[in-house]
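A short write-up of the structure that comes next.
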Amino acid sequence: MRFFPCSFSWLLVMSKIARLEKLNAFKLNLFSTTSSSLCSAAGPVLCSEFINAGADTSLTTLQWIMANIVKHPHIQAKLFAEIKAVVGEGAEEIKEEDVQKMTYLKAVILETLRIHPPSTFLVPHAVSEDAELLGYRVPKDTTVNFVISLMGRDPKEWENPMEFRPERLLNRGENGEPDRVSDVTAYKMMPFGSGRRLCPGKRLALLNLEYFVSNLVWNFEWKPVDREGVDLSVKEVFLMVVKNPLRAHVHVSKNQMKA
Ligand code: HEM
2 MRFFPCSFSW LLVMSKIARL EKLNAFKLNL FSTTSSSLCS AAGPVLCSEF
52 INAGADTSLT TLQWIMANIV KHPHIQAKLF AEIKAVVGEG AEEIKEEDVQ
102 KMTYLKAVIL ETLRIHPPST FLVPHAVSED AELLGYRVPK DTTVNFVISL
152 MGRDPKEWEN PMEFRPERLL NRGENGEPDR VSDVTAYKMM PFGSGRRLCP
202 GKRLALLNLE YFVSNLVWNF EWKPVDREGV DLSVKEVFLM VVKNPLRAHV
252 HVSKNQMKA
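Residue numbers (our numbering): 2 to 260.
Right under this line is the structure:
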């Protein structure tokens, strides 16, 4: 049995274990010289914006996901079973193509983002023409701030909103079809925003999270540190982060010991 304090730096070490660089999604070439490419001045600016907007949001979300998985052992077990059903017993690593077949994994990630979107607000949006909404006149150029952290916890929209239940985001497959992620994830919650200003890194972020989480659950069994449990209190810095970083016992999974 090994004990790890689960801190930011530790998660970064884990990222190396997960061999992130293998993801095809990272094979971007912003400096290509073909006629349709970005100019060399735009490349560094875009790189910097992507790193600023993509690193902390993804890492914060990963912490929330792992905290919820450690807190809910039956969810960890269900996730492990789904991974096993897709890759079989001996697999060493869960690959990009494998995670596409893991619907419950996607639901766990989205359920985390429903309750714990890393950002409270979207970036401010503005109304491009006079509009009326629920009887209110909204004049052109009004700044609109969406409080996405409350949307996912709205008791009018979500039954028992603070309960972590990924199943609520799944539509049962009929006639032997696999389960599907429900459409409600596209309009009843918006952790990545919506419309034309939607986070451009959404697909990359979800793919990274699916890759990390599946490998962390496949390779290790996670348990809360005795008596302490898992504290899901929020601390608001720029993002909504885990106030007291997760501390967990981590065992190499039985599956890996056999391999
Ligand atoms: C879990 C991870 C992430 C979350 C929850 C997230 C969430 C968001 C949100 C809420 C916005 C504002 C959208 C709006 O106002 O409508 C945004 C914008 C943005 N995101 Fe993400 N994001 C994540 C990961 C990433 C990644 C990995 C990248 C890039 C690699 C990225 C790049 C950006 C950029 C460049 C913008 C600004 C877009 C604009 O100005 O129109 N994000 N993100």
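From the three backbone atoms N, C-alpha and C, an ideal C-beta is built for every residue, glycine too.
Alpha carbon to alpha carbon, what distance is there between residue j and residue i?
i    : j    : result
T143 : L134 : 13 Å
R115 : M67  : 15 Å
S129 : R198 : 13 Å
Y52  : G174 : The residue asked about is misnamed: residue 52 is Ile in this sequence, not Tyr. Distance between the alpha carbons of I52 and G174 is about 38 Å.
L47  : F193 : 18 Å
L171 : V148 : 24 Å
G136 : S150 : 24 Å
N209 : L106 : 12 Å
G89  : A132 : 54 Å
Q77  : A86  : 14 Å
V60  : E94  : One point to set straight first is that residue 60 is Leu, not Val, in the sequence displayed. Cα-Cα distance, rounded: 20 Å.
G91  : N220 : 11 Å
L240 : I70  : 21 Å
A249 : F122 : 30 Å
N176 : V218 : 30 Å
S254 : R181 : 28 Å
L247 : S195 : 30 Å
K141 : P125 : 14 Å
G202 : S49  : 13 Å
G55  : F81  : 27 Å
H117 : K236 : 11 Å
A43  : K79  : 44 Å
A206 : D227 : 32 Å
V231 : T113 : 15 Å
V238 : Q64  : 15 Å
P179 : V242 : 34 Å
A200 : S41  : In the sequence as presented, Ala is not what sits at residue 200; that position holds Cys. Between C200 and S41, the C-alpha separation is close to 23 Å.
Determine which residues share a DSSP beta bridge with residue i and list them.
i    : result
A132 : V139
H73  : Note: H73 sits in no beta bridge, so no partner.
K236 : V242
F122 : V148
A127 : T144
Determine the contact status of residue i and residue j, defining contact as a CB-CB distance below 8 Å.
i    : j    : result
V139 : A127 : no
Y212 : E83  : no
M152 : M191 : yes
T58  : P119 : yes
V100 : S215 : yes
H75  : F165 : no
S234 : K244 : yes
H1   : E222 : The structure shown has nothing for residue 1, since the chain only spans 2 to 260.
L111 : T186 : yes
P45  : V109 : no
M163 : R154 : yes
K189 : E160 : no
**Q.** Contact shell at 7 Å, judged by CB to any heavy atom of ligand 1, ordered along the chain
**A.** E50, F51, A54, G55, T58, S59, T62, L114, P118, P119, S120, L123, V124, H126, I149, P192, F193, G194, S195, G196, R198, L199, C200, P201, G202, K203, L205, A206, N209, L210
Q. In chain order, which continuous runs of the alpha helix (DSSP H) of length 4 or greater are located wholly inside the region 155 to 232?
A. 185 to 188, 203 to 220
Q.
For a minimum of 4 consecutive residues, which ranges assigned as the alpha helix (DSSP H) are wholly contained in the region 69 to 115?
A. 74 to 88, 97 to 100
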